[in-house]
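Engineer: Start counting the sequence shown at 621; every next residue gets the next number (my numbering).
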Amino acid sequence: MQENEIAARVITDAQSPWFSGHFPDNPILPGIAQLKMVADLIAASRDDGMHLTGLSRIKFRKIVKPGEILDIHATFVQIKKQYVFRITSGNDEVCSGVILFAKKNKI
621 MQENEIAARV ITDAQSPWFS GHFPDNPILP GIAQLKMVAD LIAASRDDGM
671 HLTGLSRIKF RKIVKPGEIL DIHATFVQIK KQYVFRITSG NDEVCSGVIL
721 FAKKNKI
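1. Tell me whether V684 sits in a helix, a strand or coil according to DSSP, three-state version.
2. Closest to K740 by CA distance: which of D645, G674, D668, D691 is it?
3. Please state the DSSP three-state secondary structure of G669.
4. Mark A694 as exposed unless 16 or more other C-beta atoms lie within 10 angstroms of its C-beta, in which case mark it buried.
5. For the beta strand (DSSP E) that K700 lies in, which residues bound it at each end?
6. Relative to the C-alpha of A653, which residue among S640, G710, A664, S665 is closest?
7. Touch check for the stretch 631–646 and the stretch 698–705: three-plus C-beta pairs under 8 Å?
Structure (structure tokens):
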């Protein structure tokens, strides 16, 4: 893995509140939960006061069920100040896109 790359492996917990009500008798992980996992991974890897400012080219390609193992990969593109990310489950792409970050303004 390169210096500008981060990765994590996540097991989707069937007891997670994300699955509650989404949907009864057929739980799936909402797209917003997938994006939050990526944003949290990026935020945990930085200590420079950056925060999420936008999303681009988001594609959801596979439904995620409880108990699935997800691999999250994100690469920082310095010139554009953005992370290109990809979530996979086994050989299947689950979600991909770009997350934009910027420094928080001081008040």
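We treat Cβ as the ideally placed atom computed from N, Cα and C, and that holds for glycine.
Structural biologist: Inspection of the coordinates gives the following:
1. Of the three classes helix, strand and coil, the one that applies to V684 here is coil, per DSSP.
2. Past the boundaries of the shown model lies residue 740; the chain is included only from 621 to 727, so the question cannot be answered.
3. Residue state, collapsed to three classes: coil.
4. Buried is the call here.
5. Membership of K700 in any beta strand (DSSP E) is not indicated, and neither H nor E is assigned to it by DSSP.
6. The option with the nearest alpha carbon to A653 is S640.
7. Segments in contact, no.
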